[in-house]
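One line per chain: the protein sequences are P and L, in this order.
Its first residue numbered 1, the first sequence is counted upward by one per residue in the numbering used here.
Its first residue numbered 256, the second sequence is counted upward by one per residue in the numbering used here.
Don't be surprised by glycine CBs; every beta carbon is placed ideally from N, CA and C.
Since we're looking at a predicted model, the values are computed, not measured.
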Amino acid sequence: MKKTIANTLLSFVGIVLVLGLWSFISANVAPDLPSPVRTWEESRLYIMQPWEKRGEMDQGIGLMTAYSLFRVAKGFALALLIGTPLGFLLGSSPLFFRMFDPTIQILRPISPLAWLPLGLILFRQSEPAALFTIALCSMWPTVVNTMQGVRAIPQDYHNVAKVLRLSPWRKFTKIMLPATLPYMFSGYRLSLGIAWLVIVAAEMLTGTPGVGGFLWQEYNSLIYSHILLCILTIGIVGFILDRLMGFAEARLRAA
Amino acid sequence: MSFLTLENIAKSFGPRSILHNINLSLAAGEFVSIVGASASGKTTLVKIASGLQTADSGTVTVAGQTVTGFVAQAGMVFQNYSLLPWLSALENVRLAVEPAFPEWTPKQHTEQAMKYLDMVGLGKAALKTPAQLSGGMRQRVAIARAFAAEPRILFLDEPFGALDALTRATLQQELASLCRAAGRPVTVLMITNNIEEAILLSHRIHVLGRGPGATLSPSFAVEPDAVSLRHRLAEFLTSGAIAPRLIQEVA
């Protein structure tokens, strides 16, 4: 209890120090950077009326975040739908692993900025191109973690499946899946983090409404305080998403 | 008539020869133990006999048929229990019952699993997960799982090796009574490092020599008198006549 209070106080002190540094830089080093106070004043309308729609690219921060979250949810779901079975295949078949591991290692480090134009060529529309990019970039931790989870299944459990003469489907649902679940969720957590990173880039390049799209538009409109508003929103939402996934993961490990 | 036969079995891991020229034969309904020091290749031998591993040379036959893959209608009890931690005791046993009796209804599967959990005295703990059970209770679940599928042949790989002496004695008794209660001949091949245990439970005992290249000794028949004397002694020890509270606590 005492420790929680101390931790809360300390993180508060940290935030105040960073705000102080920000004010100092905006006052003395970079005059174009809006100060925290100015950022708040100019962003107030967007924060206090988060669900207000004044125009296509002029909406409350709540609505903008919701658009982005919805897009991320779709891309993330796609990543899980492709990544999880792929991880199971790679983990359970050495042949499949030897065949596709090099390809995956090459595809893994490719930046979302590189995938997006390809998505636009393939789908000719910004929305599916964005989903394509999110799914392609964020699925790798799911693939790799699921694969490692399948490999980490003790030989004992494989023997149990043989001794009990379980059908392949029963073996999958009663042994493989529960044994791999904690690994899968670690992968999901990392994948969601990447999906949230990618959404900003995808929206900036396609100019669709959302926190990333809004950020880019306000840069072009020279309203710099809104850039900071978007950055802070992205950070806070990312933090909350990670905490939620961490919570789900912990529940799973305890069960 | 030999039910389980091992002929000229040899197995090496890389350059290391583990088993060499192993010949073994079990009649239907016979309980045979193989006693050996740790790391003498006992586990490898039982895995080959059950079809979980393949030998480099030699053949294993069960009821006249050459074994490829795990033997049909067979059960196995592992030293480390090998229960699935995400399933309750009942679900663990039920998982073995379902493939063994595919024509049964789900209700019959559950009843069969419960029947065997009751037989090992775990009826009340049926819904607990392995993590909530003691070592002795876990091994009881594993034994119930093996018997609930009503196998023709059982492979026991140091089934009581991880248990304390008192729990061990109780479980040995339960195993013997489960074999008697089966109502049909159950052939058992048990691996153990405990000579007392082998004498108590088996009809015949082989000794596996020290590796590398371990071979089996000729079998020693356990005198019927010795068996019944040991049984009576062990039953007396575990019947509760001496210290019922103590045994309950251990269990």
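Arg165/P belongs to the set of residues whose beta carbon lies under 8 Å from a beta carbon in chain L. Remark: C-beta atoms of Leu164/P and Ala351/L approach each other more closely than 8 Å. Taking Met184/P as the centre and dropping the five residues before and after it, the same chain places the C-beta of Thr84, Gly87, Thr142, Asn145, Thr146 and Gly149 closer than 8 Å to its C-beta, in chain order. Under the Cβ criterion (8 Å, minimum of three pairs), the stretch 124-138 of chain P counts as touching the stretch 205-215 of chain P. For Thr314/L, the three-state secondary structure derived from DSSP is strand. Within chain L, the residues placing a beta-carbon under 8 Å from that of Ile175/P are Leu339, ordered along the chain. Closest option to Thr314/L, judged by alpha-carbon separation, among Val326/L, Val332/L and Asn263/L: Asn263/L. Taking each of Pro112/P, Gly210/P and Ile153/P in turn and checking the Cα distance to Pro182/P, the smallest one comes out for Ile153/P. Spanning the alpha carbons of Trp115/P and Tyr157/P requires a straight line of approximately 40 Å.
Contact between Leu463/L and Ile289/L holds: their C-beta atoms lie close to 5 Å from each other, under 8 Å.
Within the same chain, Leu215 come within 8 Å of Ile231/P by CB-CB distance, once the 5 residues on both sides are set aside. Sixteen is the threshold: when 16 or more other Cβ atoms of the shown chains lie within 10 Å of the Cβ of Phe402/L, as they do, the residue is buried. If you check the CB distance, Arg38/P and Ser221/P do not come in under 8 Å. At a cut-off of 8 Å, the C-beta of Ala351/L has a neighbouring C-beta in chain P. The shortest C-alpha to C-alpha distance from Lys297/L to any of Thr323/L, Phe333/L, Val326/L and Val322/L is the one to Phe333/L. Look at Asp32/P: its C-beta is not under 8 Å from any C-beta on chain L. Contact between Val317/L and Leu444/L does not hold, since their C-beta atoms are separated by about 11 Å, which reaches or exceeds 8 Å.
Chain-ordered, the chain L residues with CB closer than 9 Å to the CB of Pro178/P read Leu339, Pro340, Trp341 and Leu342. Per DSSP, Lys174/P lies in no beta strand (DSSP E) and is assigned neither H nor E. Runs of the beta strand (DSSP E) lying entirely within the stretch 405-437 of chain L, each at least 3 residues long, are 408-412 in chain order.
With a 10 Å radius around the Cβ and a threshold of 16 neighbouring Cβ atoms, Glu366/L comes out exposed.
Between Ser68/P and Glu346/L, the alpha-carbon positions lie close to 43 Å from each other. The beta carbon of Leu307/L sits closer than 8 Å to some beta carbon of chain P.
As computed with DSSP, His461/L is found in a beta bridge with Ile289/L.
Close partners of Met331/L in chain P (Cβ separation under 7 Å): Val163. Neighbours of Phe325/L in chain P, taken as residues whose beta carbon is under 8 Å from its own, are Lys162, Val163 and Arg165 in chain order.
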